[in-house]
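**Q** Could you have a look at this structure, given as structure tokens, before my questions?
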Amino acid sequence: MRKIGFAGLTAAVAFSGIGFGMTPSFADDAASTSSTPQRLTGKLVAVAASGYAGLLNTNASAAGFTATALHLSPTKADALTAAAVYETPAIGEVGDIRTQNPAGGPDLCISWVANGAMQPLVPCDGSAAQQVRLTANGTLATPDGTSSMRQYYNILLQGPTGLGPMRFDLDQLKAVFSASVQSVDLHARTADLTGHAVPGSTVILNDSTEITVGEDGTWSYTITGLKLGKNTIKVEQYEGENNKTGDTTVDVELNVAPITATAAFLPDVTKNLTISGVAQAGANIEIWQGTKMLKVTPAAAITGAFSTDLTAPNAGGKQTYTIKQVIDGETAATTFDVTADFGAAALIETPLPDAEHNGGALRFQGRGVGGGQISLKNQAGTEIGTATVLANGIWTIDAANIPATDGIYTATQTGKGNNVTTASVHLNPGVTNEKLDVATPARNGRVNAGTITFTGTSNPNAKIELRSIATGDPLGTTTADSKGDWSVDVNKNLGAGTYTIRVVNGSLTEDRSFTAVNPVVDQLDVKTPAAGGTPVAPGTVTFTGTANAGAKIELKSVATGDPLGTTTANAAGNWSVDVNKQLTTEQVYTIRVVNGTKQVDRTFTVKKPSVTEELTVTGPATGTPVAPGTVTFTGTANAGAKIELKSIVTNMSLGTTTADGNGDWSVDVNKRLDVAMTYTIRVVNGGTHIDHTFQVR
């Protein structure tokens, strides 16, 4: 059959499958049958006993009224040559009789009116006046098949004068090539196709499947391997090799249930966002954000309902999620987007970045999402305050004691949907006024093995850490009090040995070395100076004795506790230490000797310093008389010497003085010498004396 360009001959036929599971009481994988009414095409020729009439595709005047133009001929061949091609309903079917418009535009159809007047060809409009039934003997009948149509009978079937009764030559009509969808199976991905074609011709589907048309002009085929959504099937008719006489397309729709979904937050902000909805029953529901798949959850096998929670994006604002459904491993083309508004992210508005703070109380304030929970921490991770974001989106935390040092403070908000966002502010950048002083253990000191305690001072509220200088591992931590005092134990017992531990306060460090020794019983014995024994020589006084090996021996004033000397006992326990000042005064001394818990108070005497005695008498002059009255003696001696005048008869003291720093001295006789005579008086300097004689006149 020739390919004919009638409207509708190559029109696409669409069919939509019903999604299984959405309405379970009516669900059916096989959809209801859909088919295209059979049509015939060919040249319309009316046959009479004495001639033929071919129907043209123009209008003409005949027997006094306007009707479809006829080409009258005594021969069938001539009538066929002149006749136009028409498309009619199949025998027994109802439809219009149409031909192509030679002037272009819509197809033309035969029509009639109730008053019996024959209408010319008019544009096809599907109206009742254009519907007719073609009978098996080639005549025309009303759509209900009850009677012949008078207009057509008189004009077409009676024919012009002389031709007599006429009927259409049905041998000139062949079936119009058609294809339609009978049913679809969504899960099997198949569709049943049917159609009409020239008996014995070949129908080819998608250039891959060949079907031989039966003698009744019908064909059918179950096509497989379809995809969800729209599948366009190319259908072609061939009559003989390479002789395509018809083509069309069929759209098979394997439609799945549409997706509907909503996003919701629970009152408890620590609970995740929930997305729930309805989709194709039994489908796997995938939730995507951009190119990243976030979650997969099944839709219920009967209702198609689904619900799942999503991990928060940890970012503020609206988030859009795309929901897809996968059926039997294939992703449906249609998707559904839902949007969830997580609200404002955490924000710190005060204090301003890089602000200076002099230490003490400080208000932190910012914004977030209403109901969000705020935790404010310092850079060491210590929480310094919490707050709930008010309905106006503002939160406030009054921190009691913020140090005046470089620090970063972070506000962490847990908002609706367990959405965690953070904001930080840097205060006092570059300010490093940390202080660190380690009091114990003493530098290079000795401590008992076991639990070692470090003490010291720092800036108030400082975080003090003990660390291994080799690995950096933490060995203890504490926080200084408001005065800066701190104490922290090493977090493991230390055996005997020498150690160096690093003490850290912010940017400051101090490496403290010390020796841990096994505890011993303190021992102490003082040998010299001897208790109450022979006086010691003035000057450097040395203490000696014995103690436990390695003991620290200290000399202290018993009156003030001031240190007077220190040493360490040797491996044999012997020790020796000098008093750290010269003892030159002739007197009794008491000094305390200390070894840990042991102490000895040692009393001793310092001898009188040895002195070289010098003595000269320069006046009164020998042989020169002096005047009666007060007589003055002068002379020299060793500096500081005690000079005494004595009677050589009674040894009675007659006067005393002390030589000055140069050794000069002067002293008056303590009684008047008024009697003129010769006198002799003894001048004494310690163990040295001079008997000096002079005259009074």
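The sequence shown maps to residues -27 to -1, 1 to 670 in mature numbering (1 follows the signal peptide of the UniProt record, and there is no 0).
Every residue gets a Cβ at the ideal spot worked out from N, C-alpha and C, and that includes glycine.
These numbers were taken from a predicted model, which means no experiment stands behind them.
1. Out of SER397, ASP301, ASP314, which one is the CA nearest neighbour of GLN338?
2. In the DSSP assignment, what are the bridge partners of VAL67?
3. Under the DSSP definition of a beta bridge, which residues are partnered with GLU214?
4. Given that a residue counts as buried once 16 or more other Cβ atoms are within 10 Å of its Cβ, and exposed if not, what is ALA4?
5. Could you pull the DSSP bridge partners for ARG336 from this structure?
6. Since ASP410 contacts GLY429 with CB under 8 Å, what's their CB separation in whole angstroms?
7. Looking at the unbroken beta strand (DSSP E) that takes in THR355, where does it start and where does it end?
8. Thinking C-beta only, is GLN210 closer than 7 Å to PHE150?
9. Can you look up ALA(-1) in the DSSP assignment and give me helix, strand or coil?
10. Between GLY358 and the rest of its own chain, which residues show a CB-CB distance below 6 Å, the 5 nearest in sequence each way excluded?
11. Could you tell me the alpha carbon to alpha carbon distance between ALA288 and ASP484, rounded to whole angstroms?
12. What's the C-alpha gap between ARG(-26) and GLY219?
13. In chain order, what residues of the same chain lie with their CB nearer than 6 Å to the CB of GLN145, ignoring the 5 residues before and after it?
14. Kindly indicate which three-state DSSP category ALA273 falls into: helix, strand or coil?
15. Alpha carbon to alpha carbon, what distance is there between ASN392 and GLY316?
16. Would you say the beta carbon of ALA532 comes nearer than 6 Å to a heavy atom of the ligand ADP?
17. Where does ASP535 land, buried or exposed, given buried means 16+ other C-beta within 10 angstroms?
18. Suppose contacts are defined by Cβ-Cβ distances below 7 Å. Is ILE616 in contact with THR595 by that definition?
19. Are the Cβ atoms of ASN611 and GLY628 separated by less than 7 Å?
20. Could you tell me which residues DSSP puts in a beta bridge with ALA21?
21. Is it right to say GLN298 is buried, meaning 16 or more other beta carbons lie within 10 angstroms of its own, or is it exposed?
22. Suppose contacts are defined by Cβ-Cβ distances below 7 Å. Is ILE206 in contact with ASN179 by that definition?
23. Tell me the residue span of the alpha helix (DSSP H) that contains ALA52.
24. For ASN30, count neighbouring C-beta atoms within 10 Å of its own C-beta (all shown protein chains included) and say buried if the count is 16 or more, exposed if not.
25. Would you mind stating whether VAL225 and ILE300 have Cβ atoms separated by less than 7 Å?
26. Sort ALA274, PRO271, ALA272, GLN262 by Cα distance to THR284 and report the nearest one.
27. Please list, in chain order, all residues of the same chain as GLN103 whose beta carbon is under 6 Å from its beta carbon, the five residues on each side excluded.
28. Just how far apart, CA to CA, sit ARG419 and ASP637?
29. Ignoring anything shorter than 3 residues, give me the beta strand (DSSP E) runs that lie fully in the stretch 572 to 610, in order along the chain.
30. Going by DSSP, what residues sit across from GLY449 in a beta bridge?
31. Nearest-angstrom Cα distance between THR264 and ALA360?
32. With three or more beta-carbon pairs closer than 8 Å as the criterion, would you say the stretch 462 to 471 touches the stretch 536 to 543?
33. Going by DSSP, what residue range makes up the beta strand (DSSP E) through ASP641?
34. Assign PRO376 to one of two classes, buried (16 or more other C-beta atoms within 10 Å of its C-beta) or exposed (fewer than that).
35. Are ASN478 and ALA435 closer than 7 Å when you measure CB to CB?
36. Closest to THR426 by CA distance: which of THR444, LYS408, GLY449 is it?
**A** On the basis of the coordinates in this document:
1. Here the question's residue 338 lines up with position 365 in the sequence shown. The shortest Cα separation from GLN338 among SER397, ASP301, ASP314 belongs to SER397.
2. The residue you call residue 67 lines up with position 94 of the sequence shown. ARG106.
3. For this step, residue 214 is matched to residue 241 along the sequence shown. BP columns for GLU214 are empty, so no partner.
4. The residue labelled residue 4 in the question sits at position 31 within the sequence shown. Annotation note: pLDDT 38 at ALA4 (below 50); position unreliable, coordinate value reported separately. ALA4 comes out buried.
5. Taking the sequence shown and counting its residues from 1, one reaches residue 336 at position 363. Note: ARG336 sits in a beta bridge opposite ASP371.
6. Here residue 410 refers to the residue found at position 437 when the sequence shown is read from its first residue. Here residue 429 refers to the residue found at position 456 when the sequence shown is read from its first residue. In this structure ASP410 touches GLY429 by the C-beta definition: roughly 5 Å separates them, less than 8 Å.
7. Counting from 1 along the sequence shown, the entry for residue 355 is found at position 382. Careful: THR355 lies outside any beta strand (DSSP E) and carries neither H nor E.
8. Position 177 of the sequence shown, counted from the first residue, corresponds to residue 150. Position 237 of the sequence shown, counted from the first residue, corresponds to residue 210. Taking 7 Å as the Cβ cut-off, PHE150 and GLN210 qualify as a contacting pair.
9. Here residue -1 refers to the residue found at position 27 of the sequence shown. With a pLDDT of 32 at ALA(-1), under the threshold of 50, the modelled position of that residue is not reliable, and no figure is offered here.
10. Residue mapping note: residue 358 aligns to position 385 of the sequence shown, counting from 1. Correct list, in chain order: LEU349, ILE370, ALA372.
11. Along the sequence shown, one-based indexing puts residue 288 at 315. Along the sequence shown, one-based indexing puts residue 484 at 511. Rounded to whole angstroms, ALA288 to ASP484 spans 44 Å at the Cα level.
12. If you number the sequence shown from 1, residue -26 lands on position 2. If you number the sequence shown from 1, residue 219 lands on position 246. Annotation note: pLDDT 30 at ARG(-26) (below 50); position unreliable, no value reported.
13. Here residue 145 corresponds to residue number 172 of the sequence shown, with the count starting at 1. In chain order, GLY15, LYS16, VAL18 place their CB closer than 6 Å to the CB of GLN145, counting only its own chain and leaving out the 5 sequence neighbours on each side.
14. As a working note, residue 273 is residue 300 in the sequence shown. Coil, per DSSP.
15. What you label residue 316 is simply residue 343 of the sequence shown in a count that begins at 1. What you label residue 392 is simply residue 419 of the sequence shown in a count that begins at 1. In a straight line, the C-alpha of GLY316 is about 9 Å away from that of ASN392.
16. With respect to small molecules bound, the structure shown includes none, and the ligand ADP cannot be examined in it.
17. Your numbering for residue 535 matches position 562 in the sequence shown. So ASP535 ends up on the exposed side.
18. In the sequence shown, residue 616 corresponds to position 643, counting from 1. In the sequence shown, residue 595 corresponds to position 622, counting from 1. In this structure, THR595 does not lie closer than 7 Å to ILE616 by Cβ.
19. Walking along the sequence shown from the start, residue 611 turns up at place 638. Walking along the sequence shown from the start, residue 628 turns up at place 655. Note that the C-beta distance between ASN611 and GLY628 is not below 7 Å.
20. By one-based count along the sequence shown, residue 21 stands at place 48. In the DSSP assignment, ALA21 is bridged to GLY24, MET139.
21. Position 325 of the sequence shown, counted from the start, is the residue given in the question as residue 298. With 16 or more other Cβ atoms within 10 Å, it is buried.
22. Translated into the one-based positions of the sequence shown, residue 206 becomes position 233. Translated into the one-based positions of the sequence shown, residue 179 becomes position 206. In this structure, the beta-carbon distance from ILE206 to ASN179 falls below 7 Å.
23. By 1-based counting over the sequence shown, the position of residue 52 is 79. Here the alpha helix (DSSP H) through ALA52 covers 49 to 55.
24. On the sequence shown, position 57 is the one that residue 30 refers to. Classification of ASN30: buried, given that the 10 Å Cβ count is 16 or more.
25. As a first step, residue 225 must be located in the sequence shown, where it is residue number 252. As a first step, residue 300 must be located in the sequence shown, where it is residue number 327. Using a Cβ distance threshold of 7 Å, VAL225 and ILE300 do not count as a contacting pair.
26. The sequence position of residue 284 within the sequence shown is 311, counting from 1. For THR284, the nearest C-alpha among the options comes from GLN262.
27. Residue mapping note: residue 103 aligns to position 130 of the sequence shown, counting from 1. Cβ within range, chain order: ASP69, CYS82, SER84.
28. Position 446 of the sequence shown holds residue 419. Position 664 of the sequence shown holds residue 637. Taking the straight line from one Cα to the other gives about 57 Å.
29. Runs of the beta strand (DSSP E) lying entirely within the stretch 572 to 610, each at least 3 residues long, are 588 to 592, 605 to 610 in chain order.
30. Position 476 of the sequence shown, counted from the start, is the residue given in the question as residue 449. Answer by DSSP bridge pairing, in chain order: LEU439.
31. As a first step, residue 264 is located in the sequence shown; it is residue number 291 there, counting from the start. As a first step, residue 360 is located in the sequence shown; it is residue number 387 there, counting from the start. Answer to the nearest angstrom: the Cα atoms are 37 Å apart.
32. Judged by Cβ distances under 8 Å, the stretch 462 to 471 makes no contact with the stretch 536 to 543, as fewer than three pairs qualify.
33. Taking the sequence shown and counting its residues from 1, the one referred to as residue 641 is at position 668. Per DSSP, ASP641 belongs to the beta strand (DSSP E) from 637 to 641.
34. Position 403 of the sequence shown, counted from the first residue, corresponds to residue 376. Classification for PRO376: buried.
35. Position 505 of the sequence shown holds residue 478. Position 462 of the sequence shown holds residue 435. With respect to the 7 Å criterion, ASN478 and ALA435 are classified as neighbours on the basis of their beta carbons.
36. Taking the sequence shown and counting its residues from 1, one reaches residue 426 at position 453. Nearest option by C-alpha distance: GLY449.
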